[in-house]
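If you read the sequences in order, they're chains A, B, C and D.
The numbering used here puts the first residue of the first sequence at 120, with every later residue one more than the last.
The numbering used here puts the first residue of the second sequence at 120, with every later residue one more than the last.
The numbering used here puts the first residue of the third sequence at 120, with every later residue one more than the last.
The numbering used here puts the first residue of the fourth sequence at 120, with every later residue one more than the last.
Protein chains: 4
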Amino acid sequence: MERSIFASLSPLDHRYYATFPELFAELAKYFSEDAMIRYELRVEAALTRGLSKRGICPVTAAEEVSRACAEITPEEVYAEEEKTKHNIRALVNCIQRRVSAAAKPFVHFTATSVDIMDTANALRFMEANRDLVLPMTACLLRILIKLAKENKDTVQVGRTHGQHAVPITFGFAMAQYVSRLGGRWEAMAKTGANLRGKLAGAVGAYNAASLFVDDPVAFEEEVLAELDIKPSPISTQIVQAEFLADYIHSVISAFGVLANLADDLRHLQRSEIAEVSEAFGEHQVGSSTMPHKRNPWNFENVKSMWKEFMPRMTTLYLDQISEHQRDLTNSASGRFVPEIVIGYLASVQRLINVLSRLRVDQEQLRRNLEISKEMVIAEPLYLLLANAGHPNAHEAVRRLTLLSQETGRTLRELLPEQQELQPYLERFTPEQRRVLEQPETYTGLAARKTVAICAEWEAKIGPGEAS
Amino acid sequence: MERSIFASLSPLDHRYYATFPELFAELAKYFSEDAMIRYELRVEAALTRGLSKRGICPVTAAEEVSRACAEITPEEVYAEEEKTKHNIRALVNCIQRRVSAAAKPFVHFTATSVDIMDTANALRFMEANRDLVLPMTACLLRILIKLAKENKDTVQVGRTHGQHAVPITFGFAMAQYVSRLGGRWEAMAKTGANLRGKLAGAVGAYNAASLFVDDPVAFEEEVLAELDIKPSPISTQIVQAEFLADYIHSVISAFGVLANLADDLRHLQRSEIAEVSEAFGEHQVGSSTMPHKRNPWNFENVKSMWKEFMPRMTTLYLDQISEHQRDLTNSASGRFVPEIVIGYLASVQRLINVLSRLRVDQEQLRRNLEISKEMVIAEPLYLLLANAGHPNAHEAVRRLTLLSQETGRTLRELLPEQQELQPYLERFTPEQRRVLEQPETYTGLAARKTVAICAEWEAKIGPGEAS
Amino acid sequence: MERSIFASLSPLDHRYYATFPELFAELAKYFSEDAMIRYELRVEAALTRGLSKRGICPVTAAEEVSRACAEITPEEVYAEEEKTKHNIRALVNCIQRRVSAAAKPFVHFTATSVDIMDTANALRFMEANRDLVLPMTACLLRILIKLAKENKDTVQVGRTHGQHAVPITFGFAMAQYVSRLGGRWEAMAKTGANLRGKLAGAVGAYNAASLFVDDPVAFEEEVLAELDIKPSPISTQIVQAEFLADYIHSVISAFGVLANLADDLRHLQRSEIAEVSEAFGEHQVGSSTMPHKRNPWNFENVKSMWKEFMPRMTTLYLDQISEHQRDLTNSASGRFVPEIVIGYLASVQRLINVLSRLRVDQEQLRRNLEISKEMVIAEPLYLLLANAGHPNAHEAVRRLTLLSQETGRTLRELLPEQQELQPYLERFTPEQRRVLEQPETYTGLAARKTVAICAEWEAKIGPGEAS
Amino acid sequence: MERSIFASLSPLDHRYYATFPELFAELAKYFSEDAMIRYELRVEAALTRGLSKRGICPVTAAEEVSRACAEITPEEVYAEEEKTKHNIRALVNCIQRRVSAAAKPFVHFTATSVDIMDTANALRFMEANRDLVLPMTACLLRILIKLAKENKDTVQVGRTHGQHAVPITFGFAMAQYVSRLGGRWEAMAKTGANLRGKLAGAVGAYNAASLFVDDPVAFEEEVLAELDIKPSPISTQIVQAEFLADYIHSVISAFGVLANLADDLRHLQRSEIAEVSEAFGEHQVGSSTMPHKRNPWNFENVKSMWKEFMPRMTTLYLDQISEHQRDLTNSASGRFVPEIVIGYLASVQRLINVLSRLRVDQEQLRRNLEISKEMVIAEPLYLLLANAGHPNAHEAVRRLTLLSQETGRTLRELLPEQQELQPYLERFTPEQRRVLEQPETYTGLAARKTVAICAEWEAKIGPGEAS
């Protein structure tokens with residue numbers, strides 16, 4: 120069944136497919152229906168190979184099955200499912216049709232459908248994580264590290280509650296995301312590699328396998344080891360739901376870090392702030408009616424994708440519940456889980472594109488700090504007064520800031536007139552005085568910490584190729 | 120861009136598309152990317168027609184634009200968007216390319232992109248609701264009504280907490296869903312018809328339009344009236360988010376009713392209960408390894424789809440927040456909203472199919488009631504005793520039920536031996552005694568209420584054609 | 120059991136109770152455990168009165184029961200529940216203990232526990248809605264209306280994507296919230312008044328009542344009418360879940376409007392924007408370490424409360440599912456639903472407080488518009504050129520804006536040099552030219568629309584007393 | 120402020136507090152407002168001790184502060200906050216009031232409010248996890264292990280889709296929960312111990328501390344080490360949100376395991392299944408109107424609590440977003456996070472109580488298996504036929520099951536008549552035949568796996584005291 124992508128219903132199959140054609144072609148190798156069937160065929164082939172190694176079926180049977188599995192198409196399976204109304208029975212029928220009578224009995228032998236499906240499903244997430252999620256996240260990390268290092272000394276006013284606080288550097292602000300996204304990269308690496316398959320039969324007790332092998336637990340491990348995956352510690356008909364829930368939590372919480380980053384950067388693009396901007400193409404249109412607009416639409420898109428996919432974690436939690444040895448109420452919902460990973464990667468790709476060309480406006484950064492530069496010293500002033508022995512320094516400085524606001528004169532201008540403070544001020548060291556005179560140097564460890572965090576993550580994720 | 124549906128990433132574009140090909144072909148008329156572009160073209164055409172009616176542009180211009188809008192393909196628009204990076208500017212360019220120099224200026228004239236997009240979006244939901252959501256829901260209602268009426272007298276044990284309580288009828292149980300789904304049908308009718316468009320310009324204040332017409336509010340109403348839609352009471356760049364949120368709440372809460380129905384019916388199919396069953400095809404396979412299984416997989420699918428789509432209401436609530444005159448963070452997420460309606464309709468269709476052929480096992484219903492028939496009289500007994508003046512009837516009967524459980528004798532057998540109760544028992548009327556002797560008649564108004572509810576909803580939804 | 124509020128576990132019972140002591144004392148009249156028991160007693164009393172009107176029990180019995188219901192304390196009921204492990208049985212025992220032997224049988228007669236509880240629950244939401252939710256929302260609306268009207272002509276730059284777009288007025292921005300919150304006020308009025316009770320017995324089929332009255336449906340209506348509430352159209356053991364779900368949707372979507380308003384206002388307080396500010400108390404501290412800070416903490420609090428309560432809608436959807444004639448899995452979760460209303464009202468109260476004293480900085484509004492005033496004319500310029508017959512006006516102006524950015528000269532300065540545009544410019548009317556010369560007048564219908572919206576909602580919500 | 124618990128608004132502060140008084144008294148030591156203030160005081164004391172160790176302030180100052188911190192009451196702090204409108208400034212003022220002029224400056228010295236609050240918050244979760252969450256979960260695990268071991272050989276029919284499948288043992292079914300909850304216990308241990316504090320100042324760059332110490336990063340580690348907690352790798356004003364999100368994910372996913380267990384056990388209590396039951400107290404009432412009912416209300420309560428708390432994970436994801444160096448929009452929502460842990464523990468406690476006294480009805484288990492015992496052999500029969508060389512065994516057996524259903528004769532009765540199958544049947548070994556003759560022995564590794572899983576988790580969680 121061929122059709123135009125514009126006839127698709129999901130934005131993942133039209134708009135975002137058209138936006139990132141290469142990425143989505145890659146994703147289809149893991150997450151299309153076609154791919155799912157191929158993964159299932161890989162598991163069926165591994166099973167029969169495992170049986171032949173145990174001498175339960177002839178080696179030639181295993182070879183025939185492997186060959187058949189390499190040839191079958193999804194169309195064929197779907198046509199068969201029309202009749203059976205059962206997707207794995209359809210798959211098995213398709214394999215059996217292509218092998219000799221001697222091999223037929225050993226197709227799917229001792230397995231239940233879910234042995235195949237759950238294992239295939241875990242495998243595709245595991246491999247997509249290894250091949251796409253981790254490398255692409257690492258690529259974004261490298262871009263963030265570059266941005267952080269380049270701007271480790273670029274002074275920026277720190278903002279809490281949207282209010283100017285004390286200075287940091289723009290690199291330091293980016294280093295936050297290096298560290299947080301790095302932490303999520305580690306979490307995804309761990310939970311992705313810990314996904315599990317199963318080959319424990321219809322109710323998880325190896326009822327069928329135990330008719331033919333003495334140690335079905337070992338047999339399960341052998342077959343799954345061929346596919347580089349470990350079994351669920353104990354299963355009902357299905358793999359324990361928590362392994363996938365942990366993985367998706369790691370992906371969704373990584374998505375949350377992207378959303379925070381995107382929010383920060385789009386606010387820094389506000390007309391009044393204008394510290395960064397997305398590079399715009401020559402023909403690119405900002406608004407259909409306001410030709411002068413330059414909107415932070417890529418960052419807005421990332422935030423918006425997060426709003427679409429984040430709430431879906433609830434589905435994973437709902438799917439933890441499966442009655443007795445399993446009900447099927449996690450089946451349809453489970454088919455949509457890959458979309459979460461796809462949404463995440465579409466956003467990673469977008470950020471890779473836009474952050475590689477992010478413009479940082481040094482002049483505007485300086486100008487914004489200027490607005491409250493004179494107020495910034497309130498914090499060091501109060502601390503230095505306290506350290507010099509003033510018993511109520513915070514209150515004294517708070518009053519001084521009010522006076523400053525009323526009079527329009529700076530704290531520095533007002534200081535010499537405050538008789539009460541003079542004894543303490545005299546105790547300040549020259550270096551301490553310097554901070555009061557040059558508030559823009561009051562950035563603490565911003566640069567040092569930026570360097571340390573970047574070095575830590577460069578070591579952890581390794582050099583990587585350019586993406 | 121053509122490709123196999125099995126290369127699609129969303130289950131809506133492969134598995135469920137393949138399951139319900141006719142329904143999904145219908146859905147594509149409203150919710151594919153192709154359809155969205157056609158809706159937008161309809162709005163652009165209406166706008167220019169509106170301008171010509173006001174004499175702002177020549178009638179021929181409006182005609183040219185309408186003709187152009189009928190011809191443009193999504194491929195063309197996407198190719199243009201490659202350059203502009205702006206979907207509506209691309210659309211406008213495509214229209215302008217097809218019209219005369221005299222008409223060009225009046226394409227999209229005074230409108231902002233979102234005027235077109237928000238109106239188009241509201242329209243497609245409104246029309247899909249009118250053409251698919253309401254009729255299909257009504258069709259399901261008719262099937263439920265039939266089931267309820269046919270079984271209005273089919274006695275079934277009522278179950279609270281999964282425990283046998285007092286009897287109802289199976290029709291009465293179905294009438295609950297007639298009423299609840301009927302209520303949702305009304306809610307969807309109301310909220311779907313109340314979706315809103317806009318034509319208020321870039322920040323909602325009719326800045327542009329007010330340069331050319333005296334009464335832009337009236338002009339907005341005129342143009343939207345052509346499309347049979349009302350304007351948002353006041354807009355920023357976007358329509359107020361609450362109209363769509365209300366509609367989707369009505370859809371998701373309707374979905375919840377389906378999920379409850381599906382849960383009930385799959386539990387009634389439990390091996391130990393077995394009061395109903397899905398009809399199975401001759402070649403249909405229940406399990407790849409347990410050939411005797413007949414699973415309630417359609418009901419499980421409905422529950423599972425609900426688990427996928429219900430949590431997405433959160434996205435609608437998140438999209439209520441748009442900063443100042445709008446940010447774009449509702450854009451990507453907004454593209455996925457139709458999927459909720461699609462998921463709902465796939466489940467409605469599935470229930471139509473399976474409930475048309477539901478098997479109700481009268482014998483098994485009778486047998487299950489038999490299990491606790493003798494206990495059922497505990498309730499009427501206690502009430503009749505109380506009514507006859509027993510000061511502590513509930514406690515007296517509670518003790519009697521314990522005695523019954525200990526001795527294995529029925530309440531009826533034990534009754535004559537309870538000296539203390541005799542004076543009250545003697546006061547019972549013959550009719551009251553009958554309930555104690557024939558507990559299966561203790562169904563209250565089950566049948567009458569079933570009839571009343573069915574009649575109410577038959578009247579409300581009308582006769583309809585068979586689906 | 121007395122204890123310090125600081126020993127409480129929920130912030131609603133310590134921090135926010137301490138913040139809004141009067142409001143929370145009011146809320147406790149509807150939503151404390153004490154209140155719930157009092158509501159249940161009201162329903163029990165109404166039931167026995169209903170029985171006496173039908174002649175099923177003596178009038179004196181109804182009087183005794185009413186008296187008992189007025190006296191019982193929650194402590195008493197809880198002590199009894201220790202024994203019965205059943206809250207309504209405990210309640211009934213407490214009533215029976217206080218009435219004569221003749222009245223005892225008619226306490227709770229024909230009712231099931233949930234008849235009492237579901238009716239009581241609906242009643243408390245309905246009355247809290249009528250007495251607190253609607254009036255307080257109306258009070259907030261009045262403050263917003265005042266703000267909107269006072270600032271209907273206060274020009275503010277419109278912002279889309281955080282970027283300066285074209286001008287509106289601050290009053291117009293506030294009028295959006297008048298309209299949206301007004302719409303929610305209407306929705307809450309409607310759904311709150313539509314909550315339902317029931318008196319249909321253990322499985323909803325009036326099994327018990329039908330032993331004693333001919334028309335139990337009419338009897339249910341009579342008793343509920345005494346309490347000013349309508350019955351569920353048909354019930355299982357419980358009222359249809361959709362009535363409460365609709366009400367809570369209306370509350371949560373109203374909360375979303377508050378969250379959007381709060382977000383807007385805290386962004387307008389950003390140091391670089393500074394168009395509005397919360398009034399600060401004389402002794403109030405902005406930061407424990409940065410004495411100069413003035414944080415938008417009240418708006419932040421509203422946003423944060425919304426983040427806590429909005430996701431709880433999911434619980435309402437989960438509670439739509441109750442197996443067969445009911446399971447109890449909506450019981451504990453149902454007890455938490457009032458918290459959503461409480462969270463909403465705490466936020467309404469906070470906004471009432473802070474918006475009554477909001478400072479709007481006219482000078483800063485003017486200064487911000489100044490930043491992009493010269494760019495604002497891009498939109499009217501392109502439209503006027505188009506209207507004057509320019510075939511490609513949008514593109515022409517887009518290029519001009521790029522030139523302006525490169526050269527640092529304004530559009531107005533560049534215009535006379537654009538030979539190509541002169542023929543079109545000459546066709547502009549004087550009034551059209553005025554907009555180009557005074558971009559701050561390019562506010563469209565902002566003021567008119569503000570007035571219209573405010574008038575509409577003043578009429579709908581009525582005058583009200585000052586809160 | 121004293122008041123009756125029944126005047127509380129949150130069910131956690133009335134109903135569930137009254138249900139589990141001892142547990143809730145324990146919880147209050149970590150999660151009441153009182154406790155939060157005590158935790159903050161502990162952090163302030165540790166900070167000043169750290170300063171004294173570095174010689175920044177006199178040892179006596181640290182001693183004075185520690186003493187003051189031990190004495191202050193929440194009432195005092197709240198009274199002060201009335202004035203300051205800032206909770207930590209209020210706390211600091213209260214401490215300063217109790218210390219000498221020499222010590223005053225070193226209260227809260229170099230810290231920002233959030234240094235104290237975020238560290239205190241992490242500490243209370245970390246300690247509650249160590250002292251309550253892990254031990255109570257382990258206690259529940261021990262009860263599940265006991266139940267699993269005692270019933271390792273108790274044959275139960277396996278159920279998939281609510282349909283009888285092939286047999287397992289009840290112990291094996293419980294072992295699933297041992298393994299899954301065990302896995303969550305490990306996850307909570309890991310994420311709970313990994314919560315983080317901070318002491319990095321107002322914007323995370325150690326601006327203040329760097330005025331007084333050369334190595335503020337090391338100083339932060341020192342002070343936090345006193346409290347047995349590690350710092351956030353890099354902070355803005357707040358600790359990275361992911362540490363708490365990971366912890367709460369582990370708690371909520373553990374809650375999901377409880378919900379699944381509760382669902383399974385309540386379904387096993389259905390009247391028609393009746394394999395297990397909650398023990399009932401002598402005076403306990405099942406229903407106010409149906410005296411014979413014995414409802415699975417404890418399991419229903421657990422499911423219901425999960426429905427309340429599970430959706431709140433969304434709040435944690437929302438709180439990942441904090442603009443720039445922090446906004447305050449995670450503050451109010453953050454205060455409610457402990458409720459998730461409280462809800463989880465209330466459910467653990469309930470399950471501990473009810474599972475300690477769970478009744479397993481051996482006779483009923485046997486009877487239920489009997490229903491489909493004869494169908495159970497379909498699976499081994501098909502596999503043995505396949506193994507014996509039958510090329511189409513699944514289809515052959517599927518047809519046989521249809522024949523069995525039509526004729527009402529068992530598979531075993533029909534087998535001898537199937538000519539086509541005889542050659543294969545003759546190849547079966549005696550042991551293989553035994554399974555067909557005694558389907559109840561077809562339990563695979565159920566018992567062995569149960570023993571292995573129990574041993575694994577007994578070793579991991581250790582012996583523990585009875586709870």
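Think of the CB as a built atom: it goes at the ideal place given N, C-alpha and C, for glycine as much as any other residue.
Per DSSP, the bridge partner or partners of B:V276:
B:P286
So with CB distances below 7 Å, who are the chain A contacts of C:N248?
Here the premise fails: no neighbours, minimum Cβ distance about 27 Å.
Three Cβ pairs or more, each shorter than 8 Å: is that satisfied between the region 341–350 of chain C and the region 381–396 of chain C?
no
For the candidate residues C:F428, C:I572, C:E339 and C:F331, whose alpha-carbon lies nearest to that of D:N449?
C:F428
One question on the structure: do B:Q444 and C:T138 come within less than 7 Å of each other, judged by their Cβ atoms?
no
Range of the contiguous alpha helix (DSSP H) that encloses C:E152
E152 to K172
Which residues, taken in chain order from the region 422–440 of chain A, show a beta carbon closer than 9 Å to some beta carbon of chain C?
P430, T433 and L437
Would you kindly check if the distance between the Cβ of C:D234 and the Cβ of C:K317 is under 7 Å?
yes
Check whether D:T562 and D:A294 have beta carbons under 7 Å apart
no
Taking Cβ-Cβ distances shorter than 9 Å, what residues in chain B pair up with A:E575?
Neighbours of A:E575 on chain B: none; closest Cβ ~32 Å, over 9 Å.
Quick check for students: name the residue ranges of the beta strand (DSSP E) that lie wholly in the region 302–376 of chain C, counting only runs of 3 or more.
none
Cut-off 8 Å between Cβ atoms - residues of its own chain near B:A505, not counting five sequence neighbours on either side
A512 and H513
When DSSP builds the beta bridges, which residues end up paired with A:S123?
B:E121
Continuous alpha helix (DSSP H) stretch holding A:A497: start and end
A497 to N506
Helix, strand or coil for A:S586 per DSSP?
Only weak support exists for where A:S586 lies, its pLDDT of 44 falling under 50; the coordinates are left without a value.
Grouping DSSP H, G and I as helix and E and B as strand, with all else coil, what is B:R261?
helix
Which residues in chain D have a C-beta closer than 8 Å to the C-beta of A:H283? List them in chain order.
In chain order: nothing, as chain D lies at least about 10 Å away.
Exposed or buried, which one is C:G281 when buried takes at least 16 other CB atoms within 10 Å?
buried
Evaluate B:I572 with the Cβ neighbour count: other Cβ atoms within 10 Å of its Cβ, from every protein chain shown; 16 or more gives buried, anything less gives exposed.
buried
Can you tell which of D:L266, D:V178 and D:A364 has its C-alpha closest to the C-alpha of A:S587?
In the structure as shown, chain A begins at 120 and stops at 586. Residue 587 of chain A is therefore absent and cannot be evaluated.
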